[in-house]
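*Asks:* Heads up: the protein sequence lines correspond to chains A and B, in order.
Under my numbering, the final residue of the first sequence carries the number 663; numbering is consecutive throughout.
Under my numbering, the final residue of the second sequence carries the number 663; numbering is consecutive throughout.
Even glycine gets a Cβ: it sits at the ideal position worked out from N, Cα and C.
Just so it is clear, the structure is predicted and the values come from calculations on it, not from any experiment.
Below is one structure. I have some questions about it.
Number of protein chains: 2
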Amino acid sequence: MNPIFLLLVFSLFSLPPFSSSHGFHFPSLLKPSQISKRHNSDQKSSHGYETKHFTQILDHFNYHPKSYISFQQRYLVNGDYWGGAAKSSPIFVYAGNEASIDIFADNNGFLLDIAPTFEALIVFIEHRYYGKSFPFGSEEEAFQNATTAGYLSISQALADYAAFVVDLKKNLSAESSPVVVFGGSYGGMLAAWFRLKYPHLAIGALASSAPILQIDPTFDPYIFNDIVTKDYRSTSENCYKVIKNSWDEIDKAYNDSIKLEKMESSLRLCKGQGLYTQYWLSNALIYAAMTDYPTPSYLLQPLPAYPVNEMCKAIDNPNTGNDTFSKLYGAMNIYYNFTGTAGECFNISTAGTDRLGYSGWEWQTCTELDLPTSGNSKESIFPESKPTSIKDLTNLCKSYEHVEPRFSWPSIEFGASIIKKSLKRYGSNIIFFNGLRDPWSGGGILKSISSTVIAIVAAEGAHHVDLRGSTMEDPKWLQDVREREVQIIKQWIREYYEDFSISENI
Amino acid sequence: MNPIFLLLVFSLFSLPPFSSSHGFHFPSLLKPSQISKRHNSDQKSSHGYETKHFTQILDHFNYHPKSYISFQQRYLVNGDYWGGAAKSSPIFVYAGNEASIDIFADNNGFLLDIAPTFEALIVFIEHRYYGKSFPFGSEEEAFQNATTAGYLSISQALADYAAFVVDLKKNLSAESSPVVVFGGSYGGMLAAWFRLKYPHLAIGALASSAPILQIDPTFDPYIFNDIVTKDYRSTSENCYKVIKNSWDEIDKAYNDSIKLEKMESSLRLCKGQGLYTQYWLSNALIYAAMTDYPTPSYLLQPLPAYPVNEMCKAIDNPNTGNDTFSKLYGAMNIYYNFTGTAGECFNISTAGTDRLGYSGWEWQTCTELDLPTSGNSKESIFPESKPTSIKDLTNLCKSYEHVEPRFSWPSIEFGASIIKKSLKRYGSNIIFFNGLRDPWSGGGILKSISSTVIAIVAAEGAHHVDLRGSTMEDPKWLQDVREREVQIIKQWIREYYEDFSISENI
Chain A
158 MNPIFLLLVF SLFSLPPFSS SHGFHFPSLL KPSQISKRHN SDQKSSHGYE TKHFTQILDH
218 FNYHPKSYIS FQQRYLVNGD YWGGAAKSSP IFVYAGNEAS IDIFADNNGF LLDIAPTFEA
278 LIVFIEHRYY GKSFPFGSEE EAFQNATTAG YLSISQALAD YAAFVVDLKK NLSAESSPVV
338 VFGGSYGGML AAWFRLKYPH LAIGALASSA PILQIDPTFD PYIFNDIVTK DYRSTSENCY
398 KVIKNSWDEI DKAYNDSIKL EKMESSLRLC KGQGLYTQYW LSNALIYAAM TDYPTPSYLL
458 QPLPAYPVNE MCKAIDNPNT GNDTFSKLYG AMNIYYNFTG TAGECFNIST AGTDRLGYSG
518 WEWQTCTELD LPTSGNSKES IFPESKPTSI KDLTNLCKSY EHVEPRFSWP SIEFGASIIK
578 KSLKRYGSNI IFFNGLRDPW SGGGILKSIS STVIAIVAAE GAHHVDLRGS TMEDPKWLQD
638 VREREVQIIK QWIREYYEDF SISENI
Chain B
158 MNPIFLLLVF SLFSLPPFSS SHGFHFPSLL KPSQISKRHN SDQKSSHGYE TKHFTQILDH
218 FNYHPKSYIS FQQRYLVNGD YWGGAAKSSP IFVYAGNEAS IDIFADNNGF LLDIAPTFEA
278 LIVFIEHRYY GKSFPFGSEE EAFQNATTAG YLSISQALAD YAAFVVDLKK NLSAESSPVV
338 VFGGSYGGML AAWFRLKYPH LAIGALASSA PILQIDPTFD PYIFNDIVTK DYRSTSENCY
398 KVIKNSWDEI DKAYNDSIKL EKMESSLRLC KGQGLYTQYW LSNALIYAAM TDYPTPSYLL
458 QPLPAYPVNE MCKAIDNPNT GNDTFSKLYG AMNIYYNFTG TAGECFNIST AGTDRLGYSG
518 WEWQTCTELD LPTSGNSKES IFPESKPTSI KDLTNLCKSY EHVEPRFSWP SIEFGASIIK
578 KSLKRYGSNI IFFNGLRDPW SGGGILKSIS STVIAIVAAE GAHHVDLRGS TMEDPKWLQD
638 VREREVQIIK QWIREYYEDF SISENI
């Protein structure tokens, strides 16, 4: 697939020679294009997880001869703190999302942090068609065409986890151990849905930053960028204005070769990269907002604590320079070059392209996962724009991925807004965490639905910040959130033990 | 497929030239082989349902090019009593099971009986690969091989109902109408699972005679025939003994041509049919037990009220004759010839064979639905026998249907015995009805799990008797069961209306 296509799909802005009617973006919940360097790593996780594989079935729901194809699904396991099967000690399973499972093990230290308290076995399982868990032998084969890629779906991924959990417990003779499922972002959606679809296999779920309401194609597509806007504007009105006004200037540079060259120079873009500036800028703005963590992090990029604040400080700093591009450079240098290793110039069009190809997230967003984010109100930090229509998105997916999207299916299968109602008298033991600085929080459950379907909201929080490993610098609110989660999970496990004798299999 | 194969698969007994180690039976929850005459009927149901079709997708869970194939799914609808969308009047959906939907409309009069009280719309939806709802154009094409039959699975059927319900409500502008799902037998399993898997689409389920615990391959395989035995033995010890002792006599006749001819004559079997006697007899015994209704019925066969009692009366009657075969004839003539239209002699090997071929229930029982029933204790009304092993069943299915069964999958997907535990703090609004004379009741939920997951048990009841249309002759206990079900469903709907303004979409 042409790199430009991805820039187009994932960009807010039209890029020559594409017309603006095709210019829409879809921010990945966890942007795959920027995690590629760790993607093929064979190194052991720094946390000392052991890597194992499970023989998984390609298609759980049919008995077509092709359904029987199997593949190796990778998982990471840490039993250092496990109390063991005889004590029915719990098993904590992280439901992997759209990248290599190593990334999630590295960025969800919460599970290991709390493992000693619970004497829990910790398992991270990799999502099919990501990382090293490809059917058909390799990533290339898996994404060769729709016939091979066609088994990448949410339902199959959840069924993988169900088959895995049952087999794992059996192998460990831990049938009576309660399972709690965890996940952040798309993984949080999977965790919540796993509890909803397989309640007999998990006693509860911590679904962090899971925009489960956003799977509905009719979801308000302005909310996402409204939150991005609020993040910057609440940090600094001047910062917001500089950015807001920059798009026109960039547009002018697109149409004037001298201005373009000057812009490239100011932004330290490599030669010929200026035409991708708007993509490059918006990408940084969105992901800095998502990962606006209170401590330094490396989820998508190595970033300082509170990157939005740092970027705005650079823009607001009178020493950064007076012209817009110098100011933007200051901000982008924080996002794209925090460790100072970016080299002589920024190369946008190749950045992230090593993950290009017919890959998983593009497939999922072109088949079933339309999470509307593309509208921009007049006040948006991005240029005002109408949301991409379902029709346009459908046509684009058809022409590029050769599949007809079924965007309405996830709402049918999992429920979208109606879940807030149906869960009132149904379901139990789900925590929905959301940080309100996270643009995906707009699609999350922000109010508790019942005494056991609980929303935890942190005004200062970003994308699944609760699941990150604790540090000495964690603010009080974050410590409190985690402590509350621990107490709720303890309650689930206590009830489980109360309900059933631990000697009795469940 | 050879008719003998089905006799083998569905028979308790070995038939020459097959060795006894392959002789196992699997009683269909609703035996397809005997409903064939109505199978291709184009006639309108006597209840005046309107027949409609819904364009259904072949494969809900993949995005393989083949997944997009569509087919026409038949459904029956009666709106005579519906209060309408404006009043958010309820929609009652019968989840069709393993036969033509007409059969279920005819045999589940309860829905229409209660429709006026609830001002409910009544819909019966046909299960994929049954009746007239075949993908690939026809039954023959659908069952051509595993490549076409492979999309027949429980998960796909449930997803069909989900897609259908959402579309129906949308088409009727009845988004705020609550849906209650009903089903009996395998349809009852589907109803319960629909509520469990799609709680946002149905506010409750009445699952009648649904052996959801029996999907586990480790389920006690003796329970089924123990109940059959109890049904006859509690009716008449002599009746039980005559039957119990008959198998040896039949065995002897199998090995002696003169005795065989005499047996054929006594049983009025057509010439050459004697070798199928044990199948023919066990079939009648099992299905009479299942449908031991208090009023005359025609689910599988036209039968008198309390057929077990009638059959035992014939056996016990000294006028029936003194020898075993004359007594058995008396009983079989009730089961197979209640309307006196059987003709000059009984033709076993062609009876039911018009439904033979690569058909739905055989496929389902050879892919995922192992409902163990094949063990016979020493006291069984049938000859003592060890249950068929999973291995033997697997081998048989592999050789005849060319598929590898995945019998453990339904327990993973839906939960089997653990559901009794997990539902305690999860789920709501399910009624599990069971009649204890029904041999399938052994796999049912016989104790209430919570205040909203309720078991209703009728000691005198048979297979989904509660869902039958009411008659003037219904015993008090049956009237009480139905009244209780109505009150519970009323409560669900009342709560639904209380929870949500009816003007608000759900």
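Going along chain C in order, which residues have a C-beta closer than 8 Å to the C-beta of residue 373 (chain B)?
*Replies:* No chain C appears in the structure shown, which is made up of the protein chains A and B.
*Asks:* Quick one: using the 10 Å Cβ neighbour count with 16 as the cut-off for buried, is residue 511 (chain B) buried or exposed?
*Replies:* The predicted position of residue 511 (chain B) is uncertain, since its pLDDT is 38 and thus under 50; no value can be drawn from it.
*Asks:* Of all the options A:365, A:482 and A:234, which has the alpha carbon lying nearest to the alpha carbon of residue 422 (chain A)?
*Replies:* Among A:365, A:482 and A:234, the Cα nearest to that of residue 422 (chain A) belongs to A:482.
*Asks:* Are there 16 or more other CB atoms within 10 angstroms of the CB of residue 563 (chain A), so buried, or fewer, so exposed?
*Replies:* Counting Cβ neighbours within 10 Å, residue 563 (chain A) comes out buried, since at least 16 surround it.
*Asks:* What residue range is occupied by the uninterrupted alpha helix (DSSP H) comprising residue 269 (chain A)?
*Replies:* Run containing residue 269 (chain A): 267-275, per the alpha helix (DSSP H) assignment.
*Asks:* Might you give, ordered along the chain, the residues of its own chain that have their beta carbon closer than 6 Å to the beta carbon of residue 406 (chain A), omitting 5 neighbours on each side?
*Replies:* Excluding residues within five positions, the ones whose Cβ falls inside 6 Å are 481.
*Asks:* So, residue 385 (chain B) versus residue 347 (chain B), is the Cβ gap smaller than 8 Å?
*Replies:* Result no, Cβ atoms of residue 385 (chain B) and residue 347 (chain B) do not sit closer than 8 Å.
*Asks:* Using the Cβ count rule (16 or more neighbours within 10 Å means buried), how would you classify residue 637 (chain B)?
*Replies:* Residue 637 (chain B) comes out exposed.
*Asks:* Could you tell me the distance, in whole angstroms, from the CA atom of residue 491 (chain B) to the CA atom of residue 460 (chain B)?
*Replies:* Roughly 7 Å separates the two Cα atoms.
*Asks:* Report all residues from its chain with a CB closer than 7 Å to the CB of residue 351 (chain A); omit the five preceding and five following residues, and keep chain order.
*Replies:* Answer for residue 351 (chain A): 252, 315, 318, 338, 359 and 362, listed in chain order.
*Asks:* How far does the beta strand (DSSP E) with residue 338 (chain B) in it reach, from first residue to last?
*Replies:* Element bounds for residue 338 (chain B): 336-341.
*Asks:* Tell me whether residue 395 (chain B) is buried or exposed, calling it buried when 16 or more other Cβ atoms sit within 10 Å of its Cβ.
*Replies:* With fewer than 16 Cβ atoms within 10 Å of its Cβ, residue 395 (chain B) is classed as exposed.
*Asks:* I want to see whether chain B comes within less than 8 Å of residue 582 (chain A), judged by CB atoms only; does it?
*Replies:* Judged by the 8 Å Cβ criterion, residue 582 (chain A) is in contact with chain B.
*Asks:* Please specify which runs of the alpha helix (DSSP H), each continuous and at least 4 residues long, are wholly inside the segment 463-526 of chain A, giving them in chain order.
*Replies:* Listed in chain order, the complete alpha helix (DSSP H) runs (minimum 4 residues) inside the segment 463-526 of chain A are 464-473, 481-493 and 517-524.
*Asks:* Determine the burial state of residue 278 (chain A): buried for a count of at least 16 other Cβ atoms within 10 Å of its Cβ, exposed for fewer.
*Replies:* Answer is buried; the Cβ neighbour count reaches 16.
*Asks:* Could you check whether the Cβ of residue 295 (chain A) sits closer than 8 Å to any Cβ belonging to chain B?
*Replies:* No, residue 295 (chain A) does not count as interfacial toward chain B.
*Asks:* Can you check whether the CB of residue 281 (chain A) is closer than 8 Å to the CB of residue 262 (chain A)?
*Replies:* Contact flag set, yes.
*Asks:* Which residue's Cα is closest to the Cα of residue 666 (chain A): A:557, A:227, A:566 and A:463?
*Replies:* Shown here, chain A extends from 158 to 663; a query on residue 666 (chain A) therefore has no answer.
*Asks:* Would DSSP call residue 410 (chain B) helix, strand or coil?
*Replies:* Note: residue 410 (chain B) maps to helix in three-state DSSP.
*Asks:* The ligand HEM and residue 212 (chain A): does the residue's C-beta get closer than 7 Å to at least one heavy atom of that ligand?
*Replies:* The ligand HEM is not part of this structure, which contains no ligands at all.
*Asks:* Please give the ranges of any alpha helix (DSSP H) in the segment 276-349 of chain B, keeping only runs that are unbroken, at least 4 residues long and fully inside the region.
*Replies:* Taking only runs of at least 4 residues, the alpha helix (DSSP H) segments lying wholly in the segment 276-349 of chain B are 296-299, 303-306 and 311-328.
*Asks:* List the residues of chain A that residue 320 (chain B) touches, going by C-beta distances under 7 Å, in chain order.
*Replies:* The contacting residues are 569.
*Asks:* Going by DSSP, what residues sit across from residue 230 (chain B) in a beta bridge?
*Replies:* DSSP lists B:211 as partners of residue 230 (chain B).
*Asks:* Can you list the beta strand (DSSP E) stretches of 3 or more residues lying completely in the segment 345-392 of chain A, in chain order?
*Replies:* The segment 345-392 of chain A contains these whole beta strand (DSSP E) runs: 361-365.
*Asks:* So residue 284 (chain A) contacts chain B; which residues on that side make the cut at Cβ distance below 9 Å?
*Replies:* Under the 9 Å cutoff, chain B gives no residues; its nearest Cβ is about 15 Å from residue 284 (chain A).
*Asks:* How would you call residue 327 (chain A), buried or exposed, if buried means at least 16 neighbouring beta carbons within 10 angstroms?
*Replies:* Counting Cβ neighbours within 10 Å, residue 327 (chain A) comes out exposed, since fewer than 16 surround it.
*Asks:* Just checking, does the segment 207-218 of chain B make contact with the segment 227-236 of chain B on the three C-beta pairs under 8 Å criterion?
*Replies:* Cβ pair count under 8 Å is three or more, so yes.
*Asks:* Thinking just about the alpha-carbon of each residue, which of A:600, A:605 and A:298 is nearest to the one in residue 620 (chain A)?
*Replies:* If we check each option's Cα against that of residue 620 (chain A), A:600 comes out closest.
*Asks:* Starting from residue 560 (chain B), trace the beta strand (DSSP E) both ways and give me its first and last residue.
*Replies:* Where residue 560 (chain B) is concerned, there is no enclosing beta strand (DSSP E), given that its DSSP letter is neither H nor E.
*Asks:* Residues in the same chain with beta-carbon distance under 7 Å from residue 606 (chain A), minus the five sequence neighbours each way, listed in chain order, please.
*Replies:* The answer, listed in chain order, is 577, 580 and 581.
*Asks:* Nearest-angstrom Cα distance between residue 306 (chain A) and residue 239 (chain A)?
*Replies:* Cα-Cα distance, rounded: 37 Å.
*Asks:* Which residues, in order along the segment 305-333 of chain A, keep a beta-carbon less than 8 Å from a beta-carbon of chain B?
*Replies:* Listed by position, the residues of the segment 305-333 of chain A near chain B (Cβ gap below 8 Å) are 306, 307, 308, 309, 310, 312, 313, 316, 319, 320 and 323.
*Asks:* Going by C-alpha distance, which of A:560, A:497 and A:597 is nearest residue 519 (chain A)?
*Replies:* For residue 519 (chain A), the nearest C-alpha among the options comes from A:560.
*Asks:* Within 10 Å of its beta-carbon, does residue 608 (chain A) have 16 or more other beta-carbons around it, so buried, or fewer, so exposed?
*Replies:* It counts as exposed.
*Asks:* Could you name the residues that DSSP lists as bridge partners for residue 460 (chain B)?
*Replies:* The partner list for residue 460 (chain B) (beta bridge, DSSP) reads B:454.
*Asks:* Buried or exposed: residue 468 (chain B), going by 16 or more other Cβ atoms within 10 Å of its Cβ?
*Replies:* By the 10 Å Cβ count, residue 468 (chain B) comes out buried.
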